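In what follows, a structure is listed as structure tokens, so that the remarks can point back to it.
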Amino acid sequence: MDLIVCSNDNSFGPAVRDCANRGNFDFTISFERLLFDVTPSAVFLVLVTRRLDSLVRASRTVHGKELQALKLGLTVTHAILRVVLMCITASAGAWLRTLFVAADALGLVAAVLVIVLSALEHSRSPRPSILLGLYLCLTTPLDAVSSRTLWLAAGNSVARLGASIRTAATVFKLVIALAEAWPKSRWFTSSHDPATDSPENVAGPYSLATFSWLYPLFLTGYRKAITTGDLFTLDKSLSSATVREKLQAFGLNSAVSHDTKSRFSLLGSLSKALIASFFNPILPRLVLATLTLFQPLLIQSVTQYLDKPAIDRRSEVGYGLIAAAGLLHIGIALSGAFYWYLHERYPSSFALFRIILSATRGAG
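In the UniProt record's numbering, the protein residues as written are 1 to 364.
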């Protein structure tokens, strides 16, 4: 595979220099492989192991063989395309080969895990997969940028074939993201009753990020005064039965006592039970803080661009700034929504823990 590289493509960049074939408006190949391929795949591999462990121990709650077959076909085809892409990029030049093979190997492992996670999430979780939805949603635009670079840098037919395969894999990833977001309420097993379930329990990542699961309640409130019967049932993860099961799993029965030793044991049980709820808001908060810090830099770039004479303004830079502004503010809105959603759940969980502990002590 022959690529027409720029003078600083072997450096982190991030922007290319003296690169006429890519319009002097692109990221370096090293930057794209490390930030767009290696980093998302590595983070996904770390997060998926914990989720798979949880799903393996869960019972089946969804049938829907037609939808599952569609997802399986899409994810397997995507993985096959990643295999072909890795074989093509292995023929690249010396330093490019190392970079491409490392990035594509991680991408292939992630694609295989997407197959496994998709199958388990479909049958054992009532809601569309949040982890899969976020991973696919975040990496599809990054893959599109990498595909553009491959097309612009292609120097022979093999490189153009590699760009075609990468583009096809990106399209399949987008279709997988749409298929994974499809609601599964109509295929619940008899052990799961959707009539008594809250829409929050079956909401996917996009529904949670936009709070669209609340729209029916808003419409009810628009038409009439809301009563207690109009409210949704409580999320199962916040129900007293679920909270008590968590505490019992972490040693509540042995920890509830008035002596000093047992009090430390109780503190340990509480910490283990609440640790996930405590750390869940941290990642979206970090994303929100990072994007907020980038706002002044974007404003400065836009101001500098507009200060130039019209003849010196490059149209591709203007389009890039428009795209950056759109992505930045969409990212701020979505990460802010996820942060506040997860942040408000933690005090609720903690209050329930306190109530159950008080009741347990009183009963003892």
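Ideal Cβ placement from N, Cα and C applies to all residues, glycine included.
Being a predicted model, the structure only gives us computed values, none of them experimental.
- Note on geometry: alpha-carbon atoms of ASN10 and SER147 lie some 18 Å from one another.
- In the DSSP annotation of this structure, GLU32 is not part of any alpha helix (DSSP H), being labelled neither H nor E.
- Residue pairing by DSSP places LEU3 opposite ALA154 in a beta bridge.
- Around the CB of ALA15, fewer than 16 other CB atoms lie within 10 Å, so the residue is classed as exposed.
- Secondary structure at VAL83: helix, using DSSP grouped into helix, strand and coil.
- The three-state reading of DSSP puts ALA324 in helix, counting H, G and I together.
- In this structure, LEU134 keeps its C-beta atom at 7 Å or more from the C-beta atom of PRO199.
- When Cβ pairs closer than 8 Å are counted between the two stretches, the segment 81-91 is seen not to touch the segment 21-31, the count staying below three.
- In the three-state scheme derived from DSSP, where H, G and I count as helix and E and B as strand, ALA181 is classed as coil.
- In the DSSP assignment, the residues bridged to PHE27 are ALA15.
- For the pair LEU108 and MET86, the CB atoms are nearer than the 7 Å cut-off.
- Residue state for PHE232 is assigned as coil, using DSSP reduced to three classes.
- Scanning ARG166, VAL56, ARG57, VAL48 for the CA closest to the CA of ALA103 turns up ARG166.
- Contact between ILE176 and LEU136 holds: their C-beta atoms lie close to 6 Å from each other, under 8 Å.
- Here ALA159 is actually not in contact with LEU70; their C-beta atoms are around 32 Å apart, not less than 8 Å.
- Using a Cβ distance threshold of 7 Å, ALA324 and LEU298 count as a contacting pair.
- Shown here, PHE188 sits in a strand according to DSSP, grouped into three states.
- The alpha-carbon separation between ALA105 and PHE12 amounts to approximately 20 Å.
- Non-local beta-carbon contacts of PHE31 in its own chain, meaning distances under 8 Å to residues more than five positions away in sequence, involve PHE12, GLY13, PRO14 in chain order.
- Within a 10 Å sphere around the beta-carbon of THR139 sit 16 or more other beta-carbons, which makes this residue buried.
- With distances taken between CA atoms, TYR341 lies nearest to ARG285 out of ARG285, VAL145, TYR222.
- GLY326 counts as exposed, since fewer than 16 other beta carbons sit within 10 angstroms of its beta carbon.
- Straight-line spacing of the CA atoms in GLU316 and ARG223 works out to 48 Å.
- VAL62 has PHE188 as its beta-bridge partners, per DSSP.
- In the three-state DSSP reduction, ASP307 falls in the helix class (H, G or I).
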